[in-house]
Amino acid sequence: MMPPVPGQLWSCHTCGHCCRTLVEHITDEERALIDEQGWAGKLGVAPYVRLGRGWVLNKHEDGACVFLDDENLCLIHAKYGERAKPLACRIFPFSVRAVPGGWQASLRFDCPSVASGKGEPLSEHSRWLGRVANSLPHSPGENAETADLCRGVRGTAEEIDTLVGRFLMWLGGDEVPFSARVVGAARVTQTLSSAKLDSVRGERFVELVDLLFDALPGECPEAPEPPTRKQQAMLRQLVFAHSEHLTLAEMQVGAVGKFGHRVRQVQGARRFLRAFGDVPPIPGLTGAATFPAVEAVRCGGDDARAIEDLQRRYLYGRFCGRSVFGEGYYDWPVFAGLAALWLSVSAAGWLARCSAAAAGRDVLTLDDAAFAIGVVDRAATRAPALGTMAERTRVLYLMQDEGVARLVHRYALTGEAAS
Ligand code: SF4
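Last residue of the sequence shown? That's 1846 in my numbering, and every number before it is there in order.
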């Protein structure tokens, strides 16, 4: 089913962003079809190339797919129809996953039309996406509907549904400002992750969750302490992990090139850790920003409402698409996945500030927020580095001492115009 995200619209506006920025893997059958269509002779370049053990659509030097024409249209689509395109291209900006009784779609916010919520209601796309999803040779995994709540404590489908429903209800409420709701959600996550849940199961678990959410409106006026220097440094490293995005040419380098890339990676990670001088280049961002300039950018400008709407749709999309924990997020336990989600929002807050600072502004705009959420969403669930044990350890560390809530508050995308 489609993610039931209130207010989310989408249609493809043929901006070509996906065809320029993503590396699309193709199957052997898709490769054979491209051969049958005789593209090698028509394009003048190889239509696909090897990448590791698989194959991907080839790119021009500027990153554009070799099938992208001057009007941002796909040559395969134009000549043979939508169904002739590789699956990865057909379903973007949706991701689909098999679940018992059908399929579950999630949305990708690195598509500008998703981020700006432009187009038709998602229900209009249900039919064709369902047709594609049902043709996929995948079946639901054993754990499609459950996950560990925390290490060693398996959540039931009912407990997890209740938890997700309560987070959505809280985020969609209006008792307190949206930025405070995100901080509150981070606080509930931290509290639940530190609770001894072995004997608090079923109805008692639901009662505990209700209790925590019911107490939130009273707790919200109390803002968390500012994050410590170490917490901020860890967030910047998370920003670095999210913003690394390799082009096809960078992925194709040999052993020497890979070593050079690793060296640059370590140097970049160090600069993010120390926050000294200029922020290293971030793919997709033009202009340079210094670390102090990033910290000085404020939220709460004229675009605050639109940014709030974008952030709400993004969070709803992640929850409704269940791309937050378990099979939907590197097989992580529920609370670790939730903490990673709130931290990704803080990472987006930092990146949006970087975008503003690089353009010489000191207040966030909707474009800054859309860029940042697109970067974060492109990486979440897809960047192998974000699913590692090292990353999980970082997230668990930040759950202590209110680290997640402090960072969410400090790097909020919306809220009062305060730094
Ligand atoms: S990024 Fe979105 S709007 Fe742009 S071409 Fe791709 S699917 Fe269409």
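In this text, a Cβ means the ideal position worked out from N, Cα and C, and glycines have one as well.
According to the neighbour-count rule (16 or more other Cβ atoms, all chains shown, within 10 Å of its Cβ), is Cys1442 buried or exposed?
-> exposed
Nonlocal neighbours in the same chain, by C-beta distance under 6 angstroms from Pro1433, ignoring five residues either side | none
What are the start and end residues of each continuous beta strand (DSSP E) run of 3 or more residues lying completely inside the region 1713-1791, in chain order?
-> none
Same chain, Cβ closer than 8 angstroms to Ser1846, five either side skipped, listed in chain order = Residue placement at Ser1846 is flagged as unreliable, the pLDDT there being 43, under the threshold of 50; a coordinate-derived value is accordingly withheld.
Please confirm whether any heavy atom of the ligand SF4 lies closer than 7 angstroms to the CB of Phe1521.
-> no
Can Cys1439 be considered in contact with the ligand SF4, in the sense that its beta carbon sits closer than 7 angstroms to one or more heavy atoms?
-> yes
For the ligand SF4, any of its heavy atoms closer than 7 angstroms to the Cβ of Pro1760?
-> no
If you drop the 5 nearest sequence neighbours on each side, which residues of the same chain put their C-beta closer than 6 angstroms to that of Ala1807?
-> Ser1771
Let me know the secondary structure DSSP gives His1444 once reduced to three states.
-> helix
Using only alpha-carbon positions, find the residue among Phe1519, Thr1448, Arg1535, Gly1465 that is nearest to Cys1492.
-> Thr1448
Cβ-based burial, Lys1512 [other Cβ within 10 Å; buried from 16] | buried
Is Gly1744 near the ligand MG, judged by its Cβ being under 7 angstroms from some heavy atom?
-> No copy of the ligand MG occurs in the structure displayed; its ligands are the ligand SF4 alone.
Could you tell me if the beta carbon of Cys1442 falls within a distance shorter than 7 angstroms of some heavy atom in the ligand SF4?
-> yes
Nearest-angstrom Cα distance between Arg1477 and Arg1554?
-> 33 angstroms
Beta-bridge pairing of Gly1582 - partner residues as DSSP gives them = Ala1574
What residues in its chain sit with their C-beta under 8 angstroms from that of Leu1813, if we drop five residues either side in the sequence?
-> Ala1668, His1669, Tyr1757, Ala1767, Ala1806, Ala1807
Boundaries (first-last residue) of the beta strand (DSSP E) holding Phe1703 = Here Phe1703 belongs to no beta strand (DSSP E), and DSSP marks it neither H nor E.
Inter-residue Cα distance where the pair is Asp1730 and Pro1648 = 23 angstroms
Hey, how far is the Cα of Ala1844 from the Cα of His1487?
-> In this prediction, Ala1844 has a pLDDT of 41, which is less than 50 and means its spatial position is unreliable; what the coordinates show is noted afterwards. Distance between the alpha carbons of Ala1844 and His1487 is about 43 angstroms.
Euclidean distance between Cα positions of Pro1539 and Ser1626 = 46 angstroms
Which word fits Glu1509, buried or exposed, when buried means at least 16 other C-beta atoms lie within 10 angstroms of its C-beta?
-> exposed
Less than 7 angstroms between the CB of Pro1539 and some heavy atom of the ligand SF4, yes or no?
-> yes
Out of curiosity, what's the CA-to-CA distance linking Val1609 and Ile1734?
-> 14 angstroms
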